[in-house]
Amino acid sequence: MSEHERHGASLEKSTKDPAVREEAHSTWSREVLSEIRYKAEHGTHRIRGCGTPRPFPGFNDLTVLPSQLTRMAVDTYREPCETRTVLGKRFCTQPLVVETPILISGMSYGALSKEAKIALARSTRMVGNSINNGEGGLLPEERAESYRQVVQVLPSRMGFSLRSIEAADALEIIVGIGAKPGLSGHLMGSKISKEVAEFRQIPEGIDLHSHPRHGDIFGADDLVIKMEQLREVTDNRIPIFIKIAAGRVREDVKIAAKAGADGIVVDGAQGGTGAAPVVAADHMGMPTLPALVQAVRALEEMGVKDEVSLIVSGGIKDGADVAKALALGADAVALGQSVMAAMGCTVCRRCHTGRCAFGIGTQDPELRARLDIDTAAKRVANYIKAMTHEAVILAKASGKTRLRNLEREDLRSLSLEACAMTGVPLVGTDFTFTEPFGFF
Amino acid sequence: MVVVDAATLAKRELNRKLNSLLAEGERSIEVHNPGSMHNLGTALKGGGEITVHGSTGFYTGGFLEGPRLVIDGNTGWYTGDNMLSGEIIIRKNAGSNCGPSMIGGTIVVHGNTGGRTGLGMKGGDLLVLGSTGRWCGQMTMGGRIVILGEVGAGLGESMYRGLIHVRDPQAEAKLGGNVEFHPISADEVESLAQLFATHGVQADPKSFMSVRPMTSGRHHYTIFNPQLSGADGR
């Protein structure tokens, strides 16, 4: 047997040996091999729903310091803690007032079923927060059910008009989203039903790759003039937010603030979506935690932190995340993936197929019928209520009578990585390295 | 007729004044000294005609709903963005991205326009008597664009819906992706003739061709296009 033949035999034996085949390989994992095979077969990149499954440093890498002798705790069950939140009061006359700083972020009718959109809108009436219409127009049913309605100004302007502005409690100019920053919206043909196609003015069943840039905003200078226009159209009545994906956050936030935004939404790399190229979801953007810190630094450097509302999104999952985000300087958080999970989503990452078994991310009439709107609305409201409870519990234990009084001094980093990224001192020390976050 | 001196007013004051005059039923308003003001004519509503003597800046007539806005000069970028109805007549040239996301109404440009004319437009008519730049009609979702002069490259790139009429002899070679180039139909000739008659345009509708979205509606994109040097790749 030649050396070549021996090598072949050995290789054949090893690939048939279950023990060898199941051995974990740091580079050629099953996921990597699956990716390679897909590309080899199709000659194109892969699309996936739900954003990235990659682990990122997050709010779990921080801990909240309790009040003990340095300050007094507030009674969890018998004393009040203010959760009402006012957003976007910088230049408008009617800021967005919500009863909890937990908002529902933009998810389109198209990516989600009509039943899911109505359920989300209905939930806002139970907890007093806001829903955001997402791309593709504002469903009349959503507007009728919502407690407060944010309307997105998207590059495609699908379904957007003066009428949408008139129906809005706040506008949100979308520059990018965390799950696919720099890319356009993707809505796969399986979800473009006749009704969705008519709503968006596009042909039925096509794979939609919508506009990646605003046709009427080609740069920061234009944005300044566009903001003036929208101020005029809204007569300064409602707040105008600008949403950016977390990239060069410090610079982008300063540009947005300079352009006159009442609020800035920073969407971290953990953000979800109905469909995105895997390579973009996995390899672009900054995680939510450091993005928030960069945004706060930027607004403080400009001296407008108290004027410009800061909303953060991307992987927010519980009340601890909310409390820590507020302590770092956010005014509110926005949820997408997690409220879908509250309705029954299992984060299978196949939203782009349109075959959501729970009737959430689908336009199939049979699948849609599986989602009970009242039950789903109640579950989302329960989830947000429970998250608010959790945030309040932490705030009161830290001696706060208002959620917004949580501050960065209430936090410590649990890892060197989080310490380096945030400038919050490492637990057990009063020290940080890299750029301190302002309180030592 | 009412004359308004724009030099004496901030742009919001000017637009408020114009809307106020239109609401009072004024049918003819003349605006002097526009000074290339941005956002002139934002969200004007109702009937009546406003004639601006001079050039205007960006976003002229954005969100227009009803009136006829005549610019006796040039306009900057994004003229008529998101307009719902009414007319914008530009006696000279318009900058790039003229009529982006317009939903209805008519824009007539007597001169030339820059690139991306009618980008993402959803309805209405956009008539350019001169030439236009690259990517005219990119990703339109409705409406009709008519270009009498030359067009740039990328014509109609990835249109979803809508129609572009051109008579540039080189137009077919300048088509963008995901569109088709057809002879103009009899119905389109008739409709185009009406548009020309309405706006006093001297042109033969039969001399135009039509650029339409792909019949299938299913777009194809080329992200990587290797330019191989020969049949054997050497």
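Residue numbers (the numbering used here), protein chains in the order written: chain Z, 79 to 518; chain X, 896 to 1129.
In this text, a Cβ means the ideal position worked out from N, Cα and C, and glycines have one as well.
{"Check": "For GLU468 (chain Z) and HIS85 (chain Z), the rounded distance between their alpha carbons", "Outcome": "For HIS85 (chain Z), the pLDDT reaches just 46, beneath the cut-off of 50, and the residue's location in the model is therefore unreliable, leaving the point undetermined."}
{"Check": "Per-residue DSSP class, three states only, for PHE1103 (chain X)", "Outcome": "coil"}
{"Check": "Complete beta strand (DSSP E) runs within the region 230–275 of chain Z (minimum length 3 residues, chain order)", "Outcome": "248–252"}
{"Check": "Backbone CA spacing between SER80 (chain Z) and THR1117 (chain X) [nearest angstrom]", "Outcome": "Low local confidence applies: a pLDDT of 49 at SER80 (chain Z) is under 50, so the model's placement there is unreliable, with the coordinate-based value given in what follows. Those two C-alpha atoms are separated by around 47 Å."}
{"Check": "For GLY962 (chain X), three-class secondary structure by DSSP", "Outcome": "Sequence inspection shows Pro at residue 962 (chain X); the Gly mentioned does not correspond to that position. PRO962 (chain X) falls in the strand class under three-state DSSP."}
{"Check": "Collapsed DSSP secondary structure at MET1137 (chain X) in the structure displayed", "Outcome": "The first residue shown for chain X is 896 and the last is 1129, placing residue 1137 (chain X) beyond what the model contains."}
{"Check": "Closest Cα partner of LEU909 (chain X) within the set X:GLY1019, X:GLY1049, X:ASN934", "Outcome": "X:ASN934"}
{"Check": "ALA459 (chain Z) versus LYS912 (chain X) - alpha carbon distance", "Outcome": "46 Å"}
{"Check": "Closer than 9 Å at the beta carbon, the chain X residues around GLU193 (chain Z)", "Outcome": "None at all; the shortest Cβ gap to chain X is about 26 Å."}
{"Check": "Same chain only: Cβ atoms within 7 Å of ILE316 (chain Z), ignoring 5 sequence neighbours per side", "Outcome": "CYS170, GLN172, ALA246, ASP247, ALA248, LEU249"}
{"Check": "LYS478 (chain Z), buried or exposed, once every other Cβ within 10 Å from all chains shown has been counted against 16", "Outcome": "buried"}
{"Check": "Any chain Z beta carbon closer than 8 Å to THR937 (chain X)", "Outcome": "yes"}
{"Check": "Segment limits, alpha helix (DSSP H) that includes LEU489 (chain Z)", "Outcome": "Run containing LEU489 (chain Z): none in the alpha helix (DSSP H); it sits in the beta strand (DSSP E), 489–491."}
{"Check": "Proximity winner among Z:VAL425, Z:LEU143, Z:ALA197, relative to GLU220 (chain Z) (alpha-carbon distances)", "Outcome": "Z:ALA197"}
{"Check": "Min CB distance THR510 (chain Z) to chain X below 8 Å", "Outcome": "no"}
{"Check": "Interface residues of the region 986–1010 of chain X facing chain Z [CB-CB below 7 Å]", "Outcome": "ASN992, PRO995, SER996, ILE998"}
{"Check": "For ALA347 (chain Z), three-class secondary structure by DSSP", "Outcome": "coil"}
{"Check": "ARG1056 (chain X), enclosing beta strand (DSSP E) - first and last residue", "Outcome": "1056–1061"}
{"Check": "Rounded C-alpha distance that separates SER88 (chain Z) from TRP106 (chain Z)", "Outcome": "In this prediction, SER88 (chain Z) scores a pLDDT of 48, lower than 50, which makes its location untrustworthy; the coordinate-derived value is nonetheless stated afterwards. Their backbone Cα atoms lie some 19 Å apart in a straight line."}
{"Check": "For LEU449 (chain Z), the three-state DSSP class (helix, strand or coil)", "Outcome": "coil"}
{"Check": "With 16 other Cβ atoms within 10 Å as the buried cut-off, status of LYS906 (chain X)", "Outcome": "buried"}
{"Check": "Which of helix, strand or coil DSSP assigns to PRO1121 (chain X)", "Outcome": "coil"}
{"Check": "For MET997 (chain X) and GLY1057 (chain X), believed in contact at Cβ under 8 Å, the rounded distance", "Outcome": "Contact flag wrong, Cβ pair sits at about 11 Å."}
{"Check": "Helix, strand or coil at MET184 (chain Z) according to DSSP, with G and I counted as helix", "Outcome": "The amino acid at residue 184 (chain Z) is misidentified as Met; the sequence shows Gly. Strand at GLY184 (chain Z)."}
{"Check": "Contact with chain X by HIS289 (chain Z), beta-carbon distance below 8 Å", "Outcome": "yes"}
{"Check": "Distance CB(GLY1051 (chain X))-CB(VAL1084 (chain X)) smaller than 8 Å", "Outcome": "no"}
{"Check": "Contacts that ASP976 (chain X) makes with chain Z (C-beta to C-beta distance below 7 Å)", "Outcome": "ASP294"}
{"Check": "Close Cβ partners of LYS456 (chain Z) (< 8 Å) along its chain, the five nearest in sequence each way excluded", "Outcome": "SER201, MET204"}
{"Check": "Cutoff 6 Å; reference GLY397 (chain Z); Cβ partners in own chain excluding five residues on either side", "Outcome": "MET465, GLU468, ALA469"}
{"Check": "Host beta strand (DSSP E) of VAL898 (chain X) (start-end)", "Outcome": "897–900"}
{"Check": "Distance CB(GLY346 (chain Z))-CB(ALA369 (chain Z)) smaller than 8 Å", "Outcome": "yes"}
{"Check": "Contact with chain Z by ASN934 (chain X), beta-carbon distance below 8 Å", "Outcome": "yes"}
{"Check": "GLN227 (chain Z) - DSSP class collapsed to helix/strand/coil", "Outcome": "strand"}
{"Check": "Short Cβ contact (8 Å threshold) for ALA189 (chain Z) with LEU265 (chain Z)", "Outcome": "yes"}
{"Check": "Burial state of LEU484 (chain Z), where buried means 16 or more other Cβ atoms lie within 10 Å", "Outcome": "buried"}
{"Check": "Proximity below 8 Å, CB of LEU40 (chain Z) to CB of ASP139 (chain Z)", "Outcome": "Examination of residue 40 (chain Z) is not possible in this model, given that chain Z is present from 79 through 518 alone."}
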